[in-house]
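Novice: Sharing a structure here in structure tokens format.
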Amino acid sequence: MNKINQPSANNLLRNDQHRAVITGMGIVTTLGETCNEYFDAIIAGCSGISLWKDKDTRLYSKFGGDMSDFDFKSHIERVGKDYPLDWTKGARKLLRSASLSGRLVTVAAMQACYDAKLHYVKLNPERFGHVLGGNNLGNSYAFDNTLEFEKEPDFIAPLYGAVAADTDVLAISSEILNLKGPSFTVGGFCASGNLALLSGLDLVRSGRADAILVSGGAMELSPVWLQGWTLIDAISFRSFNDEPTRASRPFDKRREGFVPSEGAGVIVLESLASAQARGVEIYAELLGASSTSNASRLTKPDLDGQVRAISGALQDAQIEPDRVDYINAHATSTSLGDASEVAAIKQVFGAHSYQIPVNSTKSMLGHCMTASSMVEMITATLQMKHSLVHPTINLEEPDPELDLDFVPHQTREHKINVALSNSFGFGGLNSSIVLGAIN
Amino acid sequence: MSRNEIFTVLKSNMEMIIDGVEGLEIKENNSMVSDFGADSLEVVEVISRTQKQLRIKIPRTALSQVNNIKELIDLFEKAAS
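Those protein sequence lines, which keep their order, are chains X and V. Using the working numbering, the final residue of the first sequence is 439, and nothing's skipped along the way. Using the working numbering, the final residue of the second sequence is 1081, and nothing's skipped along the way.
Given below as structure tokens:
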């Protein structure tokens, strides 16, 4: 394993107050609006990719994971019928003027807090913070208002000055759920979710908070962004316009770019001592996290940066590579990205890399951008809970250069004790996290 | 546009946006803030939505002088004429 030179919390005494565990999860994606719905879909190998429902037809990009018609009222009626009244009342009021990103994150946050039993075994609000992973979230909101401005400046959305900020996405759920501890946003584009987890982990380890709501902020997919990603040849737009569900095909010979998707995931990250004192179910422990930079603005992957991220997370977790028994790959279905990640895994894990199932959630869900690594951490935790690994779909013609066990086509039973999840973002940002089962 | 039409749209937006207003009687001499507890964002939203629905633009600089609903309707009437 490569030695890295980055600050680590390893020197801290890891008592129960400095260990961070996951006690609640919430998710809203094209494959389901609860963890159960979502997990059923990915275990079945479903695709959440469709043609865009209502986007400019001039776009080269014709498909993705489209949540633009998400109806928060019907979601709350269906999913939140047992939520505390002040949550649902607050949500109905605040989400009316919110961006799509604010709506998706908030309903996922309420799921996570309800799952963590925070509606009746509460935390001290001043010791419960919120870290939102993501940047440039409200893009469709901004785009639509820009068009409105062109027609009549006085008639843009009344609260644009507040709602267009990423912090509004954080503030809505903080208000509804009464989170008064350390709170901020962490922007790392596609690595945002893992970087938010790293920040949440540090806050819990350092004792600055008893718990952190860690949100993976949904990035709204405006036509300008879609066109921008097409121009830099990052997304799939050439071969699969008639078969969108086949477009996201990580590790396959015909992969030709990522497939963008909208969605959000949120967890409650809590000190082990707090979770035990509250007597709530613990899903997994967040053992370690890392952050590295390629020191380059290029969007192409960097093997060294990825290796250092994976090694750094393992070192932070105090886990030897041969103990890892599952990897949720970043695996976006780009030609260079998938190849580089496989090389990085081989470099870190050596011969053991062939013993580890390595799957791609994005093969089904597409790339949830700023939320992707949070969604994938939840995916890893659900697989750990159920002792299953989901399939990598569309792996019809495996790239001969990529020869790990990618769990093609079919879900498989597999006991997971230690999971690694990678995320690599534009800006040359790499981050990995390590999860451990709680026995 | 009649004064009554402006008041009707304004009331409808107040009921929708300001917590607890629905079902209450709204009079012209009421204030959104002191009588109904509206916060600053709710006031902005009520006025902006009303402007957009009525397609009437009122000068933002005049809004800070408004003390009650009557004076607000006066502004809308003036801008519409």
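From the three backbone atoms N, C-alpha and C, an ideal C-beta is built for every residue, glycine too.
1) Got a sec, what are the start and stop residues for the beta strand (DSSP E) X/Val214 sits in?
2) Which class does X/Val418 belong to by DSSP, given the choice of helix, strand or coil?
3) What residues are listed by DSSP as bridge partners for X/Leu314?
4) Using beta-carbon positions only, say whether X/Phe424 and X/Val358 come within less than 8 Å of one another.
5) Which runs of the beta strand (DSSP E), 3 residues or longer, sit entirely within the stretch 279-342 of chain X?
6) Against chain X, which members of the stretch 1024-1038 of chain V pass a CB distance test of less than 9 Å?
7) Would you mind reading off the limits of the alpha helix (DSSP H) that contains X/Leu382?
8) Cα separation between V/Leu1041 and V/Gly1020?
9) Does the Cβ-Cβ distance between X/Arg19 and X/Leu272 come in under 8 Å?
10) In the structure shown, what three-state DSSP assignment does V/Phe1076 receive?
11) Please classify X/Leu100 as buried or exposed, where buried requires at least 16 other C-beta atoms within 10 Å of its C-beta.
12) For X/Phe155, which residues in chain V fall below 9 Å Cβ to Cβ?
13) For X/Met374 versus X/Gly133, is the C-beta spacing smaller than 8 Å?
14) By the DSSP assignment, the alpha helix (DSSP H) with X/Thr230 in it spans what residues?
15) Quick check on the burial criterion: 16 or more other C-beta atoms within 10 angstroms. Buried or exposed for X/Met377?
16) Is there a C-beta anywhere in chain V that falls below 8 Å from the one on X/Ser97?
17) Could you tell me which of X/Thr185, X/Cys190, X/Phe72, X/Asp338 sits nearest to X/Ile441, measuring between CA atoms?
18) Identify the contact partners of V/Asp1019 in chain X, using a Cβ-Cβ distance below 9 Å as the criterion.
19) If the cut is a Cβ gap below 9 Å, which residues of chain X does V/Val1066 touch?
20) Does the beta-carbon of V/Ile1058 have 16 or more other beta-carbons within 10 angstroms, so that it is buried, or is it exposed?
21) Under 7 Å between beta-carbons, which chain X residues line up against V/Glu1087? List them in chain order, please.
22) In angstroms, rounded to a whole number, what distance separates the CA positions of X/Trp229 and X/His75?
23) Helix, strand or coil: how does DSSP classify X/Ile235 here?
Specialist: Reading from the atomic positions:
1) 211-216
2) In the structure shown, X/Val418 falls within a strand segment according to DSSP collapsed to helix, strand and coil.
3) DSSP, once it has assigned bridges, lists no residue as partnering X/Leu314.
4) no
5) 284-289, 326-328
6) none
7) Here the alpha helix (DSSP H) through X/Leu382 covers 372-386.
8) 15 Å
9) yes
10) helix
11) buried
12) Ser1048, Gln1051, Lys1052, Arg1055, Lys1057
13) yes
14) 223-231
15) buried
16) At least one chain V Cβ lies under 8 Å of X/Ser97.
17) Since the first residue shown for chain X is 1 and the last is 439, residue 441 of chain X is missing from the structure and cannot be characterised.
18) Lys89, Lys93
19) Those within 9 Å of V/Val1066 in chain X number zero; the least Cβ separation is about 16 Å.
20) buried
21) As displayed, chain V neither begins before 1001 nor continues past 1081, which places residue 1087 of chain V out of reach and without an answer.
22) 31 Å
23) Here DSSP, grouped into helix, strand and coil, assigns X/Ile235 to strand.
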